[in-house]
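Q: Each residue of the sequence shown is one higher than the one before, counting from 36 in the numbering used here.
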Amino acid sequence: MNRLGLSIGPRSSHARRVMLSLGAATLLIAQAVPTAAQTAATSSTGPTIAYSLDLPGGQTAKVFSNGVAAVFSKDRRKVEFRSFPVTPQYDEMAVQTGLPDKAHLIADLAAGVKAPFADGRVLAVFANGVTGSSDVVSGRGAAFTNDAATNAILARLGVDRSERLFRTHARDSLAQMRANAELALGMPLMDFSNAYRFHLTGASVRQAVTALLQSPAVVYASPDFRVSGSEAAPVPIPAGTVPQLTNRTAQPPSSAGIPPNYAIASSAQSLLNAPGTDAAAAFDLIDRQFHQLPGQDEIITNVSLGDLTDASVVNSSDPCSFWATVFGPTSVVMGGQRYLNWPSMPLIPAYTSDPSGKLNGTGEACGIDPFLGEVGLDFSMMAPLPHGQQRAGEQGSGLTDLLGIAPGASYRLVVPAPAGPFATISDIDGSFLGAGLQSPAPNVITASLGFAADQFGFSGRYLEDDPLTEAIIAGLVHQNITVTISSGDGLRTFTNAAVAPSGGSVATIAIKPR
Numbered sequence: 036m037n038r039l040g041l042s043i044g045p046r047s048s049h050a051r052r053v054m055l056s057l058g059a060a061t062l063l064i065a066q067a068v069p070t071a072a073q074t075a076a077t078s079s080t081g082p083t084i085a086y087s088l089d090l091p092g093g094q095t096a097k098v099f100s101n102g103v104a105a106v107f108s109k110d111r112r113k114v115e116f117r118s119f120p121v122t123p124q125y126d127e128m129a130v131q132t133g134l135p136d137k138a139h140l141i142a143d144l145a146a147g148v149k150a151p152f153a154d155g156r157v158l159a160v161f162a163n164g165v166t167g168s169s170d171v172v173s174g175r176g177a178a179f180t181n182d183a184a185t186n187a188i189l190a191r192l193g194v195d196r197s198e199r200l201f202r203t204h205a206r207d208s209l210a211q212m213r214a215n216a217e218l219a220l221g222m223p224l225m226d227f228s229n230a231y232r233f234h235l236t237g238a239s240v241r242q243a244v245t246a247l248l249q250s251p252a253v254v255y256a257s258p259d260f261r262v263s264g265s266e267a268a269p270v271p272i273p274a275g276t277v278p279q280l281t282n283r284t285a286q287p288p289s290s291a292g293i294p295p296n297y298a299i300a301s302s303a304q305s306l307l308n309a310p311g312t313d314a315a316a317a318f319d320l321i322d323r324q325f326h327q328l329p330g331q332d333e334i335i336t337n338v339s340l341g342d343l344t345d346a347s348v349v350n351s352s353d354p355c356s357f358w359a360t361v362f363g364p365t366s367v368v369m370g371g372q373r374y375l376n377w378p379s380m381p382l383i384p385a386y387t388s389d390p391s392g393k394l395n396g397t398g399e400a401c402g403i404d405p406f407l408g409e410v411g412l413d414f415s416m417m418a419p420l421p422h423g424q425q426r427a428g429e430q431g432s433g434l435t436d437l438l439g440i441a442p443g444a445s446y447r448l449v450v451p452a453p454a455g456p457f458a459t460i461s462d463i464d465g466s467f468l469g470a471g472l473q474s475p476a477p478n479v480i481t482a483s484l485g486f487a488a489d490q491f492g493f494s495g496r497y498l499e500d501d502p503l504t505e506a507i508i509a510g511l512v513h514q515n516i517t518v519t520i521s522s523g524d525g526l527r528t529f530t531n532a533a534v535a536p537s538g539g540s541v542a543t544i545a546i547k548p549r
């Protein structure tokens with residue numbers, strides 16, 4: 036979603052100004068409609084209002100048929116324009132309006148503008164010999180470090196708060212973790228035991244990063260970049276398709292070692308048979324030779340993004356009430372622990388994390404993804420159980436009767452609970468460390484995350500491109516935790532990148548004819 040941007044000042048004639056601005060924006064935005072769409076939908080009336088929406092805090096929005104959204108403040112003195120791509124230009128299976136559905140529009144608009152990085156915040160790692168004077172220091176002009184020259188730079192930038200990242204874990208333990216990985220790799224790694232987050236009041240993020248990088252006491256300085264999932268915009272299945280599929284009788288699998296779950300038996304999960312995945316064959320082999328499920332006795336933690344709410348906050352004064360009330364709770368709390376409670380899957384313990392690396396088994400997060408789209412995609416590939424082993428009352432039916440590629444494993448979910456409107460790299464780094472240092476430790480950590488997307492739909496950066504994140508991942512891997520991160524594969528929305536018939540994101544020439 037892109038921001039076009041406009042602000043209306045407080046005047047007695049503000050309503051008239053808003054309408055004039057809307058009219059001007061409509062003329063401006065009409066020029067941005069793709070040529071194909073203009074040709075197909077030439078009309079003397081121009082764009083029409085597709086949706087009128089209520090947002091948190093008394094805000095309202097009008098979404099036009101050409102993908103433009105006008106978001107009004109509660110007093111209607113300000114209006115901000117944003118744009119959504121109209122699907123027909125990319126996907127012939129588009130729904131009638133070509134826009135995301137109403138629920139996704141509300142969620143996206145309510146979450147606010149997707150800035151590339153957090154405003155008024157920078158990250159830094161100090162060189163050897165320079166460190167923070169305390170884990171948390173507040174007050175403009177305070178002695179944030181043990182180095183006078185560095186303190187002078189921070190004072191000029193208007194820093195009024197510093198906090199050591201990952202401080203839930205002992206500094207010495209983190210330093211040793213990094214040193215061991217560094218020795219094993221034979222290459223230097225960023226010292227994440229000496230990483231800090233600063234709040235700015237006297238300089239922009241770009242100015243602060245530039246100034247810090249000029250200091251010999253600073254070996255790393257970066258904006259706190261926004262992190263996003265790899266999930267593409269959903270396209271609704273046409274009405275009538277699901278009943279047609281689920282009413283068919285699924286053919287039994289050809290191998291006795293493969294469970295008769297509907298999604299695999301009906302080829303709804305045909306990708307599991309594809310040569311790029313070949314999970315069905317592996318399932319059969321593991322069953323025949325080892326008499327166990329794939330993933331047996333492993334602990335797999337998924338680090339992802341999404342809302343964690345429950346029924347107790349619906350229609351309440353809780354900060355997450357809007358999200359739980361409008362979109363429904365995403366989890367349940369039982370016995371002092373939050374869980375994902377989805378058909379065909381085991382109960383999955385869910386935790387929130389903060390930048391200090393602290394996990395909370397009953398913590399809540401909201402305004403990130405109330406549909407748990409990325410989380411659902413990840414676990415639907417890994418966790419669904421054979422039909423006969425699914426929980427009573429939560430058995431899958433039809434297209435929810437999925438089969439995971441590692442149903443024998445135990446699963447956990449860790450999502451950041453950011454202080455701001457979106458999750459950032461420091462939030463995710465805290466999630467990784469919190470997940471990796473949990474007891475008992477996981478065998479595998481998975482994540483489908485990246486840094487935003489470019490104009491072609493490809494993710495702009497891999498998480499591992501960030502030196503601080505790279506060092507943390509290296510430290511976890513050296514502790515015998517397999518870390519697998521899926522991002523930057525070109526399968527974001529709005530792209531016609533070639534994808535092999537195997538389902539893998541490789542050039543199609545890699546699949547040779549037999």
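For every residue, glycine included, the Cβ atom is placed at its ideal position computed from N, Cα and C.
(1) What separation, rounded to the nearest whole angstrom, lies between the Cα atoms of Ala298 and Pro91?
(2) Grab the span of the alpha helix (DSSP H) containing Thr360 for me, first residue to last.
(3) Helix, strand or coil for Ile64, going by three-state DSSP, please let me know.
(4) Across the region 236-244 and the region 198-216, are there enough close Cβ pairs to call them in contact, namely three or more that are closer than 8 Å?
(5) Quick check on Val367 - is its C-beta less than 7 Å from some C-beta in chain B?
(6) Identify, in the order they occur along the chain, each residue of the same chain with its Cβ nearer than 6 Å to the Cβ of Phe457, setting aside the five sequence neighbours on each side.
(7) If we ignore side chains and look at the alpha-carbon of each, how far apart do Ala476 and Ser197 end up?
(8) With 16 other CB atoms within 10 Å as the buried threshold, where does Gly176 fall?
(9) Just how far apart, CA to CA, sit Thr504 and Pro329?
(10) Could you pull out every residue in the same chain whose Cβ sits closer than 6 Å to the Cβ of Gly398, ignoring the five residues on either side in sequence?
(11) Taking the alpha-carbon positions, what's the Asp170 to Ile321 distance?
(12) Checking 7 Å against the spacing of the C-beta atoms, do Leu484 and Ala400 come in under that value?
(13) Which runs of the alpha helix (DSSP H) spanning at least 4 residues fall entirely within the region 398-476, listed in chain order?
(14) Apart from the five residues on each side of it in sequence, which residues of its chain come closer than 7 Å, Cβ to Cβ, to Asn395?
(15) So the beta strand (DSSP E) Gly155 belongs to, where does it begin and stop?
(16) Identify, in the order they occur along the chain, each residue of the same chain with its Cβ nearer than 6 Å to the Cβ of Ile141, setting aside the five sequence neighbours on each side.
(17) Should the region 461-468 be called in touch with the region 504-523, which here means at least 3 C-beta pairs below 8 Å?
(18) Just to confirm, are Asn478 and Ile334 a CB contact at a threshold of 7 Å?
(19) How big is the Cα-Cα spacing for Arg232 and Asp182?
(20) Thinking Val157 and Thr180 are a contact (beta carbons under 8 Å), I'd like their distance in whole angstroms, please.
(21) Just list the residues that DSSP pairs Gln372 with in beta bridges.
(22) I'd like to confirm the pairing. Which residues does DSSP put opposite Arg202 in its beta bridges?
(23) Give me the residue from Asp226, Ser339, Ala418 with the minimum Cα distance to Thr459.
(24) Within 10 angstroms of its Cβ, does Arg323 collect 16 or more other Cβ (buried), or is it exposed?
(25) Which class does Ser305 belong to by DSSP, given the choice of helix, strand or coil?
(26) Would you list the one or two residues that DSSP bridges to Ile480?
(27) So, at 7 Å on beta carbons, what are the nonlocal neighbours of His513 in its own chain, with the 5 sequence-adjacent residues on each side left out?
(28) Determine whether the beta carbon atoms of Val449 and Ala470 lie at a separation below 7 Å.
(29) Smallest Cα separation from Thr203: which of Leu472, Ser391, Arg426?
(30) Using DSSP with H/G/I as helix, E/B as strand and the rest coil, what is Ala385?
(31) Taking the beta carbon of Thr517 as the centre, do at least 16 other beta carbons fall within 10 Å, making it buried, or is it exposed?
(32) Could you please give me the residues that DSSP links to Asn395 through a beta bridge?
A: Reading from the atomic positions:
(1) 38 Å
(2) 356-362
(3) For Ile64, the predicted structure reports a pLDDT of 39, less than 50, and the residue's modelled location is therefore unreliable. A value from the coordinates is still provided. It is helical.
(4) no
(5) In the structure shown, chain B does not exist; there is a single protein chain.
(6) Arg261
(7) 30 Å
(8) exposed
(9) 30 Å
(10) Thr387, Ala452
(11) 49 Å
(12) no
(13) 408-417, 460-471
(14) Tyr386, Thr387
(15) 152-161
(16) Leu88
(17) yes
(18) yes
(19) 17 Å
(20) Between Thr180 and Val157 the Cβ distance is about 14 Å, and since that is not below 8 Å, they are no contact.
(21) Met369
(22) Answer is none; Arg202 lacks a bridge partner.
(23) Ser339
(24) exposed
(25) helix
(26) Thr336, Val518
(27) Asn215, Ala216, Ala219
(28) yes
(29) Ser391
(30) strand
(31) exposed
(32) Thr387
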